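S.K.:
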Amino acid sequence: MKLNELTPSVPKKNRKRIGRGNSSGWGKSAGKGSNGQNSRAGGGVKPYFEGGQMPIYRRVPKRGFSNAIFKKEYTIISLSLLNDNFEDGEEVTLETLFNKFLIKNVRDGIKVLGNGELNKKLTVKLHKVSKSAQAAIEAKGGTVEIVEVKGFERAETNK
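In numbering that gives the first Met the number 0, the protein residues as written are 0 to 158.
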């Protein structure tokens, strides 16, 4: 048996060629009915179009307010992750976490949570640390230093 002798186990079903003559049964209007917008290529109205009447999303009043755009999004790191990936006496910073591929991207900073156990003395220099995580780090003789999140400096504009 050669490569050119291989055949699929299930035969391929031929596609239906529509709009190719009346004798096929799918000629003339090709299953699209009579004339009009929907029979044209790319025809049809948008899903939310209501024929020109005032659409529902404009008839219903706006409601409420959200502060979601101002929400801070912290990357979460657990104590167990620090315990598994850092040696005793090592320093935990943004750079060391990136170098060890423990985080991919940071938006508003990194927060250490007290999940898991910590058996090593670590120096943590990050943006936020929970109370339970700070207590666990300091119980093992480590230190916690809160670092400010570096933002963008605004250029002075001429007034």
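Just so you know, even glycine gets a beta-carbon here, dropped at the ideal spot from N, CA and C.
As the structure is a computational prediction, the values presented were derived from the model and not from experiment.
1) Below 8 Å on the Cβ atoms is my guess for Ala134 versus Leu78; work out the distance and round it to an integer in Å.
2) Going straight from the alpha carbon of Trp25 to that of Pro54, what length do you get?
3) Rounded to the nearest angstrom, what separates Glu94 and Asp107 at their Cα positions?
4) Could you check the C-alpha separation between Gly30 and Phe48 for me, to the nearest Å?
5) Express the C-alpha separation of Arg39 and Arg16 in angstroms, rounding to a whole number.
6) So within the segment 1-76, which uninterrupted alpha helix (DSSP H) runs reach at least 4 residues, ignoring any that extend past its ends?
7) Let me confirm a value: Phe69 is counted as buried when at least 16 other C-beta atoms fall within 10 Å, else exposed. Which label applies?
8) Over the uninterrupted alpha helix (DSSP H) stretch that includes Thr95, give me the two end residues.
9) Judging by CA-CA distance, which residue of Lys119, Asn104, Ser65 is the nearest neighbour of Val91?
10) Helix, strand or coil: which one does DSSP assign to Lys110?
11) Note down the Cα distance separating Val128 from Gly113, rounded to an integer number of angstroms.
M.R.: If we stick to the structure as given:
1) Numbered from 1 along the sequence shown, position 135 holds the residue referred to as residue 134. Numbered from 1 along the sequence shown, position 79 holds the residue referred to as residue 78. With a Cβ gap of about 11 Å, Ala134 and Leu78 do not count as contacting.
2) Here the question's residue 25 lines up with position 26 in the sequence shown. Here the question's residue 54 lines up with position 55 in the sequence shown. Roughly 37 Å separates the two Cα atoms.
3) Within the sequence shown, numbered from 1, the residue matching residue 94 stands at position 95. Within the sequence shown, numbered from 1, the residue matching residue 107 stands at position 108. Going from the Cα of Glu94 to the Cα of Asp107 covers about 15 Å.
4) Within the sequence shown, numbered from 1, the residue matching residue 30 stands at position 31. Within the sequence shown, numbered from 1, the residue matching residue 48 stands at position 49. Gly30 and Phe48: Cα-Cα distance of roughly 24 Å.
5) Along the sequence shown, read from residue 1 onward, the residue named residue 16 stands at position 17. Along the sequence shown, read from residue 1 onward, the residue named residue 39 stands at position 40. Taking the straight line from one Cα to the other gives about 17 Å.
6) 55-58
7) Taking the first residue of the sequence shown as 1, we reach residue 69 at position 70. The residue is exposed, with fewer than 16 neighbouring Cβ atoms inside 10 Å.
8) Taking the sequence shown and counting its residues from 1, one reaches residue 95 at position 96. Element bounds for Thr95: 93-98.
9) Here the question's residue 91 lines up with position 92 in the sequence shown. With distances taken between Cα atoms, Val91 lies closest to Lys119.
10) Taking the sequence shown and counting its residues from 1, the one referred to as residue 110 is at position 111. Three-state DSSP puts Lys110 in a strand.
11) Along the sequence shown, read from residue 1 onward, the residue named residue 128 stands at position 129. Along the sequence shown, read from residue 1 onward, the residue named residue 113 stands at position 114. Distance between the alpha carbons of Val128 and Gly113 is about 9 Å.
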